[in-house]
Each structure stands twice: as C-alpha cells, then as structure tokens.
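Just below is one structure, and these are the notes that go with it.
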Amino acid sequence: MEETQKAGAGGNEGVLPGADSPRKVGAGKTASASPAPHVPKLYGEPLPELPRDLYIPPDALEVILEAFEGPLDLLLYLIRKANINILDIPMAPLTAQYLDYVEAMRRSNLELAADYLLMAAMLLEIKSRMLLPRPTKTDSGEPEDPRAELVRRLMEYERIKLAAARLDALPQAGRDFEWVTVWLADKVGQRQPEVSVHDLQLVWLSLMQKARVRQHHRIRREELSVREHMGIILRKLQGRGYVVFEELFELDGVHSSVAALVVSFLAILELARERLVEIVQSEALAPIYVKSVHDEPHALQA
Amino acid sequence: MTNLTLYRPEDYKKVLEAALLAAPEPLSLAELKKLFDEEFDDETWRTLLDDLKRDWAGRGVELVQLASGWRFQTRPEYQVFLDRLKNEKPPRYSRAVMETLAIIAYRQPVTRGDIEEIRGVAVSPNVLKTLEGRGWIDTVGHRDSPGRPALYATTRKFLDDLGLRSLAELPPLAEIERIIDAQARPTQEAHPAPPLQADESAAIAQPPAQSDAFASADASG
Amino acid sequence: MTNLTLYRPEDYKKVLEAALLAAPEPLSLAELKKLFDEEFDDETWRTLLDDLKRDWAGRGVELVQLASGWRFQTRPEYQVFLDRLKNEKPPRYSRAVMETLAIIAYRQPVTRGDIEEIRGVAVSPNVLKTLEGRGWIDTVGHRDSPGRPALYATTRKFLDDLGLRSLAELPPLAEIERIIDAQARPTQEAHPAPPLQADESAAIAQPPAQSDAFASADASG
C-alpha cells in the first residue's frame with residue numbers, strides 16, 4: 013500500500029495523492045501561492061470577482077487540494093459545497109472557481125495538473141457554448157444542453173464515490189474480522205492407504221482367475237463365517253493350553269445365536285480336521301478339552 | 007490411532023465442525039459431502055449446518071455462508087481485542103484503490119480506460135496491482151478494441167473477504183441511481199438536456215454523507 | 007460497529023477463544039495477556055485456559071499447550087475424515103499387499119506357504135509386516151507341519167476399518183466368479199501377470215505404478 017501511494021503520487025500517472033498519504037505541497041511553493049493576488053488570475057487574465065458562493069479561503073487551499081481524487085472530485089466538491097443543483101450548474105462561477113484552484117495547483121505541482129487542465133478546457137468550452145444559441149435536434153426538437161455530458165459524468169462519479177465508501181464500510185477480512193483456521197494435529201502420521209471391500213473383492217477375483225489358469229483347479233470358496241470362527245477359536249486357545257470345550261462358545265454375546273453356535277462347532281471340527289487343534293476327552297461324558305497344537309504343553313486345567 | 011465411528015447426529019456435527027474450523031478456504035456443500043460415506047440430501051445438510059451455526063450463536067466466532075462456501079470467522083465486535091495481538095494494523099485502502107474497486111465491482115467487466123473515464127484521472131498501475139495482489143480482481147478477458155485492453159472483474163475471494171454471497175449482495179448504489187434511472191437514462195440514448203427543475207434535484211443536492219465516511223476512514227489509515 | 011464490554015468470566019473466555027481460534031501461531035501467555043486491559047495473575051489465566059480446554063473436551067478440536075504457547079488443533083482421530091477433503095490422491099497398497107490381504111481375508115487362517123501357493127510367487131516379509139503394522143492381520147497360531155508356520159488371520163480392526171461387522175459381510179463372490187468364468191479367457195491374454203519381482207520389493211506402490219486392477223477399483227470407487 014505504501015508503495016502504491018508513493019507511486020501514485022509519483023507524477024507521470026497524473027494522480028493526486030490520496031488524502032491518506034499526506035504529501036504536503038512544498039512549503040516554499042505554498043508560501044508563494046498564499047499571498048497570491050486576491051483577485052485570481054485565469055491563464056494570466058485577472059478574474060473580475062470571486063463568486064461569493066464558491067469562495068474558499070486561500071489558506072484552506074493546500075489542505076483541500078490534497079483531498080481530491082481528480083477534477084470530477086473537485087468539481088463535485090465545489091458543487092456540493094455551494095449547494096448548487098447539479099442538474100442546473102451555473103457554468104460561469106463554477107468555471108471561474110475551478111480555474112482558480114487549478115491555477116493554484118499549477119503553481120504547486122505542474123505535472124499533477126494534466127487531468128485538471130483537460131477538465132478546465134472542457135468547462136471553458138461548455139461555458140462558451142452556453143452563450144451561443146443552442147442547435148435544435150431534429151428528432152426530439154429539444155435543444156441540447158452543453159452541460160449534459162458533464163452532468164452525466166459527475167453523477168456517475170458521485171455514485172461510484174458513494175459506492176466505494178459503502179464497500180469500505182463493509183466488514184473486511186483481516187481488518188474487521190479474521191478467518192478461523194485451526195491446526196491439524198501434530199500426531200497425524202503418514203496418510204494410510206484406504207482399502208475398500210470392493211478393492212478386496214476385485215483382487216480376490218483376479219487371484220482366483222490366475223490360480224485357475226495356473227493350477228487347473230478351482231479353489232473352493234469356503235463358508236466365511238466358519239473360517240472367521242476358526243480364527244476366533246485359535247485366538248481363544250492361544251497360550252492357554254487345554255481349554256474346556258464349552259468355553260469356546262459364546263453363550264451371552266452378540267454371537268450367541270443357534271446359527272453362531274453351529275458355526276463355532278463346525279469351526280472347531282474344521283480346525284481338528286486341518287490338525288490345528290487337538291480335542292481330548294479322557295472318558296465318555298467327561299469334560300472335553302481343546303488345545304491349539306502348537307501350544308506349549310501346559311498342565312491340564314481341571 | 008483409534009477409529010472413530012459416527013452414530014448420532016452429534017457425531018457428524020463434530021466432524022463437520024472440525025473440518026470447517028481447520029479448512030484454510032471456505033468449504034462448499036459439494037466438498038463437505040466428501041466428509042461422510044453416507045449420502046445425506048441437501049435438506050439434511052442444511053439442517054446440520056444451521057444447527058452448527060446456532061451452536062455458535064453468541065460466541066466470538068461465527069459460521070457464515072459465503073460465495074464459495076461455509077467458513078468460520080471471528081465476529082467484527084471482537085476485532086478490537088484481536089487487533090491487540092497484531093504487530094501492525096492492516097492498511098486501509100486509499101480512495102483511489104476503493105473507487106477503482108467499486109468501479110470494477112459495480113460495472114464489471116471493465117478496462118482500465120473505463121475506470122479512468124469514470125474517475126476522470128489516470129489509474130496508477132499500482133492501484134490495480136494492489137487489488138490483484140489481494141486476490142480481489144483479476145483479468146477475465148480482453149476487449150476487442152485497439153490495444154485489446156484487459157477486462158477486469160472481481161473474484162470469489164473479493165466476495166468472501168467482504169462477507170458477500172454474490173454480487174447481488176453488493177450495497178445498492180445510492181438513491182441517485184433511481185433519479186438517474188428515471189430521468190437520465192434518455193441522456194444516454196439521445197443526450198437530451200437533463201431536467202433542470204430544482205425540486206427534482208433536491209434529493210441529491212443534500213450534503214451527502216459519503217465524504218464523512220471517507221474522512222474518518224482516511225484519518226485512521 | 008457496536009462496542010463490546012466484558013463483564014463476566016464468560017465474556018473473557020469468548021474473546022480468548024476467538025483469539026486462539028484465529029491466531030496464525032500458537033499464543034504464549036505473554037501474548038494472551040495483551041488481549042485485556044485488566045491484568046490477571048497467572049493463576050487466573052491458568053483457570054481461564056483450563057476452563058476453555060474443558061469446554062472443548064469431546065469435540066473434534068482441542069486446545070493444547072505447546073512449548074511456544076496455546077493453540078487449537080484437530081484431534082488425530084478426525085484426520086481420516088479431514089483427509090477426504092484433500093484433493094491429493096491417497097496412497098495405495100501394492101498389488102502384493104492387496105493380494106496377500108485378500109487371501110488372508112477370504113481363506114483365513116492361512117500360512118505364508120498358503121499365500122505363496124495361491125499367488126504363485128514368494129511373499130516378501132515386508133508385505134506381511136505392512137499388514138501387521140496396520141493392525142489388520144495377526145498370528146493366531148501355528149500349523150502343525152514342518153517348520154510350524156505361523157497362521158495369519160484378519161483382526162477386529164480390519165473389520166472396523168472396512169466397515170464390516172463380521173467376515174460374513176465380505177462380498178460373496180460366487181455370482182461374480184461365474185460371470186468372470188464365462189468371460190475371463192480372452193481377458194486373460196490381455197492381462198499378463200505384472201512384474202512380480204519389482205512388485206514385491208515395495209509394500210506401498212507409488213501412484214504411477216498402479217496396476218490395472220487398482221485403477222479400475224479406483225475409478226469405480
């Protein structure tokens with residue numbers, strides 16, 4: 013921002029410094045401007061009298077000049093200050109007052125006054141056209157007001173100026189409120205791959221295809237819940253030596269349906285068939301014990 | 007890390023809250039929908055978000071819906087405290103910057119020439135650079151005229167940073183708009199003389215309040 | 007803008023919360039003290055911060071004290087949801103890992119030899135380590151055969167992470183296998199076995215090195 017304003021005031025863009033970049037008009041130049049003749053000169057031609065409505069004390073000039081964004085801004089200021097009807101601008105006094113300011117600005121900083129001089133020329137032209145009989149438009153029959161374009165521009169600029177003030181009044185991120193962004197937890201490690209059931213299914217299918225081609229026989233898909241229970245039972249047996257057969261059945265859990273009991277039973281039989289567990293019973297009707305075959309031979313639990 | 011399972015609406019709201027608090031950008035509904043395996047309809051989402059918004063009522067931070075989505079932000083009333091933690095205050099933009107922004111916002115897309123025509127002065131490249139640097143404007147094309155000048159428009163970030171959901175939420179142009187619409191529109195077509203009756207112009211001849219707004223804004227900058 | 011006046015401890019806590027939520031860096035106690043005109047002693051500050059911390063208990067974001075100060079951060083358990091908002095592709099397991107996992111899931115309990123027999127290639131220890139490290143498989147016993155090989159099975163966490171209540175919920179394959187049986191033969195030629203030596207070496211495949219099976223899974227998921 014700082015740079016913007018400096019450069020904006022730098023000269024060749026023809027931008028007046030903004031009010032918030034107090035770039036004082038040189039003191040020496042101001043001094044020479046202040047005691048300027050009470051009767052302002054217009055391009056060397058002295059103006060006969062200052063319009064009373066538009067009169068601004070010369071010592072206020074310096075402050076005011078810095079506050080203007082351009083010729084339209086200055087004109088609007090003059091119009092609003094004098095409470096002039098923008099739709100019926102008295103061109104002669106306005107032009108005179110405007111030229112008075114421009115002259116002061118020329119003395120302060122010639123380079124910055126380019127846009128202002130253009131406007132001065134426009135005002136003088138309008139003023140002179142006001143004195144001439146107006147050409148009548150053939151289609152509407154209404155005479156064209158030489159001020160129409162100026163009024164249109166002034167009103168458009170005023171709307172934008174107002175809109176800019178309203179935009180500036182809106183709460184602005186970083187100035188009037190802050191965005192909330194909390195950190196992500198430090199402890200979060202490397203992102204883990206996600207695996208879906210669908211992925212797994214596809215991989216298994218492709219494996220089956222390959223295996224079929226290679227081995228010329230089909231790998232039979234076994235009852236999953238039996239396989240699951242084989243794992244559950246092996247876990248229960250782990251490190252415990254001989255476990256009472258009934259303990260391997262969940263009688264009061266989520267798996268305690270009749271079907272689940274049957275599946276658990278089938279799982280134990282399958283484990284025995286695959287020689288993963290050993291089932292022992294010392295005599296008929298005695299307790300049945302089950303032991304994982306690899307388990308260290310613990311003492312028989314009574 | 008334990009795995010989190012979502013059961014109650016509360017659980018979903020917690021995930022939603024965490025995501026919105028941690029997101030570096032506003033999150034659109036489409037993005038928010040990625041959060042959950044379940045596919046809720048828009049109404050359910052609306053309920054969830056409204057509910058979360060209500061949870062935060064009366065606190066220093068609020069959930070807001072912006073042009074590009076939902077986001078948490080601090081309430082303006084709290085800024086005076088938060089400013090105390092900052093080493094430097096954020097700059098206020100100069101009138102040149104704000105007027106250029108207003109022209110682009112309300113008249114987009116516009117060229118630099120259009121901006122200069124309305125403001126009556128040359129536009130410093132730095133003014134446009136400031137606005138581009140903030141991410142508030144960008145070039146959306148070129149006008150098919152000599153020099154093929156760039157056309158500027160405002161961005162989503164501009165809307166987000168000013169808490170607007172769309173350009174339609176820009177503050178309406180002043181009452182002079184109505185007067186101009188009603189009476190000056192023919193001016194643009196045939197350039198007839200504007201009506202000169204004093205009573206009609208009275209509404210706009212009142213000392214406008216906008217200069218005050220700027221005076222205070224500039225003074226604090 | 008209305009001016010905010012702080013009366014109750016609640017009011018101070020709200021300012022504190024807003025400041026901590028919006029701060030770009032952790033805030034030290036010394037910085038936090040700048041928030042208020044009143045000078046509270048360290049004990050009062052501690053109470054205020056502990057109180058705020060308690061307010062956030064059980065939510066997706068928590069207040070933590072680090073060496074450099076206090077800050078809000080998301081809880082690690084919520085990361086799995088927050089990750090879904092990221093645009094980057096999640097890492098994927100190599101074909102070797104996925105095939106091994108599928109074999110263990112569908113044929114458990116199995117030994118490494120079983121896996122090698124079905125896959126037709128040696129199984130790298132890294133593959134099993136990856137799956138054990140994720141907590142998806144573990145050893146449930148040993149087969150009573152020469153060398154007493156370990157028997158692998160999937161864990162409760164595997165079911166949880168895949169959203170299954172039991173292995174019986176793994177998709178049944180019979181139907182699809184029949185369809186593939188009918189169509190597989192011409193496809194077989196078009197899909198030669200992937201280079202398995204390279205495949206085995208890395209447990210987690212880099213994104214470009216994805217196999218066809220994964221690409222299709224990715225596209226449909």
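Chains as they are written, first to last, in this note's numbering: chain A, 13 to 314; chain B, 7 to 227; chain C, 7 to 227.
Backbone N, C-alpha and C fix where the C-beta goes; we use that ideal spot for every residue, glycine too.
Everything numeric in this text was worked out from a predicted model, so none of it was measured.
Item, Value
"Straight-line Cα distance separating B/A111 from B/A5", "Beyond the ends of chain B as shown, which are 7 and 227, falls residue 5 of chain B; an answer cannot be given."
"Within chain B, partners of A/P205 - CB distance below 9 Å", "Within chain B, no residue comes near A/P205; the closest Cβ sits about 15 Å away, beyond 9 Å."
"Where B/D56 falls, given that 16 or more other Cβ within 10 Å makes a residue buried", "exposed"
"Beta bridge counterpart(s) of A/T107 as assigned by DSSP", "According to DSSP, which records beta bridges pairwise, A/T107 is partnered with nothing at all."
"Strand pairing of B/K59, partner residues [DSSP]", "B/K59 pairs with nothing; no bridge assigned."
"A/A176 at chain B interface by Cβ criterion, 8 Å", "yes"
"Contacts of C/V21 in chain B (Cβ-Cβ under 7 Å)", "G66, Y84 and F87"
"Under 8 Å between C-beta atoms of B/V86 and A/V192", "no"
"Cβ-based neighbour list, C/L165, same chain, cut-off 6 Å, excluding 5 preceding and 5 following", "none"
"Environment of A/D188 [buried if 16+ CB atoms lie within 10 Å]", "buried"
"Which of helix, strand or coil DSSP assigns to A/Y128", "helix"
"Within 8 Å, strictly: CB atoms of B/L157 and B/V103", "no"
"Beta carbon proximity, B/F78 to chain A, threshold 8 Å", "yes"
"Residue from C/W142, C/G141 and C/I109 whose Cα sits closest to the Cα of C/G126", "C/I109"
"Run of the beta strand (DSSP E) containing C/R154, from where it starts to where it stops", "From DSSP, C/R154 is part of no beta strand (DSSP E); its letter is neither H nor E."
"Alpha carbon of B/K39 to alpha carbon of B/D150, nearest angstrom", "42 Å"
"Min CB distance C/P115 to chain A below 8 Å", "yes"
"Where the alpha helix (DSSP H) containing B/F78 begins and where it ends", "Element bounds for B/F78: not the alpha helix (DSSP H) but the beta strand (DSSP E), G75 to T80."
"For A/S46, three-class secondary structure by DSSP", "Per-residue confidence for A/S46 stands at a pLDDT of 36, beneath the threshold of 50, marking its modelled position as unreliable; the derived number appears in the next sentence. In the structure shown, A/S46 sits in coil (DSSP, three-state: anything other than H, G, I, E or B)."
"Cutoff 8 Å: C/E123 Cβ touching any chain B Cβ", "no"
"Test: C/R118 CB closer than 8 Å to a CB of chain A", "no"
"Residue range of the alpha helix (DSSP H) that includes A/D85", "P83 to K93"
"Any beta strand (DSSP E) of 3 or more consecutive residues that is wholly inside the stretch 270-299 of chain A", "289-293"
"C-alpha gap between B/P152 and B/R118, whole angstroms", "13 Å"
"Interface flag, B/G141 vs chain A, CB-CB below 8 Å", "no"
"In DSSP terms, what A/V256 is bridged to", "A/Y301"
"Reference B/T106, options A/K303, A/V274, A/Q184 and A/L174, closest by Cα", "A/L174"
"Within-8 Å CB hit, B/P155 to chain A", "no"
"A/S33 versus B/Y18: straight-line alpha-carbon distance, rounded", "Legend: pLDDT at A/S33 = 35, less than 50; position of this residue unreliable, value from coordinates given subsequently. Near 51 Å, if we compare the C-alpha coordinates of B/Y18 and A/S33."
"Sheet register partners of B/G147 (DSSP bridge)", "B/L157"
"A/L179 (DSSP reduced to helix, strand or coil)", "helix"
"Closest residue to B/L5 among B/E45, B/T136, B/K20 and B/R81 (Cα-Cα distance)", "Beyond the ends of chain B as shown, which are 7 and 227, falls residue 5 of chain B; an answer cannot be given."
"Beta-carbon proximity check, A/V255 vs A/V302, cutoff 8 Å", "yes"
"Within chain C, partners of A/S304 - CB distance below 7 Å", "G147"
"Secondary structure of B/R14, DSSP reduced to three states", "coil"
"B/L69 - containing beta strand (DSSP E), residue span", "V67 to L72"
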